[in-house]
Amino acid sequence: MQYEQINYYDPDYKPAESDVVCLYKYTPKQGVSYEEAAEQLAAESSIGTWTKISTMNEKIAHQLKPHVISIDKERELATIAYPIGLFEVSNMSGILSSICGNILGMKILESLRVCDIRFPKDIIEKFPGPAHGIEGVRAIADVHDRPFTGTIIKPKVGLTSEQHAKVGYQAWSGNEGEGLDIVKDDENLTSQSFNDFDTRIKLTFKMRDKAEQETGHKKIYLANITHSHFDEMMRRSDVVKKHGGEVCMLDVVTLGFSAVETYRRKNTGQIIHAHRAMHGAITRQPGFTISMLVLAKVYRMLGVDLLHTGTAGAGKMEGGEKETMVIVEALEKDSVEPNKEMETLGQEWYGMKPVVAVASGGLYPGKIPHVVKAMGKDIVCQMGGGCHGHPGGTAMGAQAIMQAVHAAMSDTPLKEYAQSHKALQEALDTWGT
Numbered sequence: 059m060q061y062e063q064i065n066y067y068d069p070d071y072k073p074a075e076s077d078v079v080c081l082y083k084y085t086p087k088q089g090v091s092y093e094e095a096a097e098q099l100a101a102e103s104s105i106g107t108w109t110k111i112s113t114m115n116e117k118i119a120h121q122l123k124p125h126v127i128s129i130d131k132e133r134e135l136a137t138i139a140y141p142i143g144l145f146e147v148s149n150m151s152g153i154l155s156s157i158c159g160n161i162l163g164m165k166i167l168e169s170l171r172v173c174d175i176r177f178p179k180d181i182i183e184k185f186p187g188p189a190h191g192i193e194g195v196r197a198i199a200d201v202h203d204r205p206f207t208g209t210i211i212k213p214k215v216g217l218t219s220e221q222h223a224k225v226g227y228q229a230w231s232g233n234e235g236e237g238l239d240i241v242k243d244d245e246n247l248t249s250q251s252f253n254d255f256d257t258r259i260k261l262t263f264k265m266r267d268k269a270e271q272e273t274g275h276k277k278i279y280l281a282n283i284t285h286s287h288f289d290e291m292m293r294r295s296d297v298v299k300k301h302g303g304e305v306c307m308l309d310v311v312t313l314g315f316s317a318v319e320t321y322r323r324k325n326t327g328q329i330i331h332a333h334r335a336m337h338g339a340i341t342r343q344p345g346f347t348i349s350m351l352v353l354a355k356v357y358r359m360l361g362v363d364l365l366h367t368g369t370a371g372a373g374k375m376e377g378g379e380k381e382t383m384v385i386v387e388a389l390e391k392d393s394v395e396p397n398k399e400m401e402t403l404g405q406e407w408y409g410m411k412p413v414v415a416v417a418s419g420g421l422y423p424g425k426i427p428h429v430v431k432a433m434g435k436d437i438v439c440q441m442g443g444g445c446h447g448h449p450g451g452t453a454m455g456a457q458a459i460m461q462a463v464h465a466a467m468s469d470t471p472l473k474e475y476a477q478s479h480k481a482l483q484e485a486l487d488t489w490g491t
């Protein structure tokens, strides 16, 4: 199969500031060279097709062809620079349909991973970005100079609305008034027969108000408003807002890019907490994948304020510490340098607000100091089983989490701190460090 004979491989080309630059990791099938495969990648993701066509002209080829600017056969990497004229710059779905689209189905490849995309200023500025960012979330939650603490109601599904609200209260209140900042619905709790959305919202916010009055601290409820019908999702958002909720949770992968950006542009004033359920179907190697780093960049542009990233060196989810930290930096920093080891291109954000990274998935109190040391304090330390699985119950679990955070922020060894803090000691006896 012979693509249009256009010279896409151009190692002398210097990307323009307006170019979209992509880094691909790829393995050609036997008999296909790395050069041929890279050129066909460039063609299929832009102006080319599988055969010579009469409608191609020199003007199109000159103005819109991408440039394969590097091929590293040993590491199986190709870098391709795409002229911005190929894209509708305000259309994320359209952009990704090109550079992450048909190419993932090409049969000349044994595997293909979209490692990173460097977006230019002309595209970055067309997207809203987070409404609140890290500082805005801190101001609303009234949490400063330490990580946010939170839990997910467990079991994921099965509790009635009344039981759900009671567990939330226990987590917010904690033991001896030392409770968590945040209580969150899980990704698959929407509006089931045993726990319908409107009843849950009413009862849980009532418990939130009670916990605030009793503890004297601000408490946040992350209600999952995800729905495949956008009008119903907006209705649920209004219900949360009516009850004084400052945050709504979206399952951003299953909702789709369009729904996430549209919700952000509705300007509800609410913080957007982004759960990444189903990302593994897109990001998990080996095979034909798109990195979580790429998704994280896209969701920052679309306007989420918090995003699940996994935990650095801990937890039950796929993704090592170095990979997690690359994602965290892309969410939090104003400018990120390329990282050859982690196969990234870097990114300049041109003033776009940063996103709070959410460390979640198999986390427990004993791992908090390591996670905070690796990921910094502008994160959410979020535990489900690591709170409710405490031998003393949810309230003691919440207290243990807070005690672990206090130990980490005072740079006190966890085992030493636990000697005078019973809840933490029992957590360490249960799960270790």
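Numbering (my numbering), first residue to last: 59 to 491. In this text, a Cβ means the ideal position worked out from N, Cα and C, and glycines have one as well. Keep in mind it's a predicted model, so treat the numbers as computed, not measured.
{"query": "Through-space distance from Val429 to Leu364, alpha-carbon basis", "result": "17 Å"}
{"query": "One or two residues paired with Pro86 in a DSSP bridge", "result": "Leu167"}
{"query": "Which of helix, strand or coil DSSP assigns to Asn160", "result": "helix"}
{"query": "Coil, strand or helix - Gly434 by DSSP", "result": "coil"}
{"query": "Euclidean distance between Cα positions of Leu217 and Phe252", "result": "7 Å"}
{"query": "Simplified DSSP assignment, three categories, for Ser231", "result": "helix"}
{"query": "Sufficient close CB pairs (3 or more, under 8 Å) joining the region 198-205 to the region 83-100", "result": "no"}
{"query": "Residues bridged to Tyr279 (per DSSP)", "result": "Val241"}
{"query": "Same chain only: Cβ atoms within 8 Å of Met164, ignoring 5 sequence neighbours per side", "result": "Gln98, Leu99, Glu102, Leu170"}
{"query": "Cα-Cα separation between Glu319 and Leu308, rounded to whole angstroms", "result": "11 Å"}
{"query": "Spatial neighbours of Lys83 in its chain, beta-carbon cut-off 7 Å, leaving aside the 5 residues before and after", "result": "Glu134, Leu135, Arg171, Cys173, Glu401"}
{"query": "Distance, Ile385 Cα to Gln271 Cα", "result": "37 Å"}
{"query": "DSSP-derived helix/strand/coil call for Met400", "result": "coil"}
{"query": "Spatially closest choice to Gly420 from Thr491, Pro344, Phe145, by CA coordinates", "result": "Thr491"}
{"query": "Backbone secondary structure at Tyr71 - three-state DSSP", "result": "coil"}
{"query": "Buried/exposed call for Gln405, threshold 16 Cβ in 10 Å", "result": "buried"}
{"query": "Given Thr85 as reference, the closest of Ile129, Lys110, Ile105 once Cα atoms are compared", "result": "Ile129"}
{"query": "7 Å CB neighbourhood of Asp256 in its chain, flanking five on each side removed", "result": "Val297"}
{"query": "Anticipated Cβ contact below 8 Å, His366 with Val416, distance rounded", "result": "5 Å"}
{"query": "Three-way DSSP call (helix, strand, coil) for His479 in this model", "result": "coil"}
{"query": "Cutoff 8 Å: Ile129 Cβ touching any chain D Cβ", "result": "Chain labels in this structure do not include chain D; a single protein chain is all it has."}
{"query": "Proximity below 8 Å, CB of Phe263 to CB of His301", "result": "yes"}
{"query": "Secondary structure of Ala332, DSSP reduced to three states", "result": "strand"}
{"query": "C-beta atoms of Ile157 and Tyr140 nearer than 8 Å", "result": "yes"}
{"query": "C-alpha gap between Met488 and Ser478, whole angstroms", "result": "Rather than Met, the amino acid found at residue 488 in this sequence is Thr. For Thr488 and Ser478, the distance between alpha carbons rounds to 17 Å."}
{"query": "Option nearest Trp407 by Cα separation, candidates Gly303, Ser295, Phe177, Ala229", "result": "Phe177"}
{"query": "Range covered by the beta strand (DSSP E) that runs through Met291", "result": "From DSSP, Met291 is part of no beta strand (DSSP E) but of the alpha helix (DSSP H) over 288-300."}
{"query": "Straight-line gap, Gly226 to Asn246 (C-alpha atoms, nearest Å)", "result": "17 Å"}
{"query": "First through last residue of the beta strand (DSSP E) which encompasses Thr209", "result": "206-210"}
{"query": "Whole-number beta carbon distance between Ala281 and Ser231, since they are thought to touch under 8 Å", "result": "19 Å between Cβ atoms; not a contact."}
{"query": "Per-residue DSSP class, three states only, for Tyr140", "result": "strand"}
{"query": "Which of helix, strand or coil DSSP assigns to Thr491", "result": "coil"}
{"query": "Bounding residues of the alpha helix (DSSP H) (the contiguous stretch that carries His202)", "result": "Careful: His202 lies outside any alpha helix (DSSP H) and carries neither H nor E."}
{"query": "First through last residue of the alpha helix (DSSP H) which encompasses Leu389", "result": "379-390"}
{"query": "Contact set for Ala335: own chain, Cβ-Cβ below 7 Å, skip 5 residues either direction", "result": "Glu245, Asp309, Val311, Thr312"}
{"query": "Residues that Glu406 bridges to, as DSSP identifies them", "result": "Ser393"}
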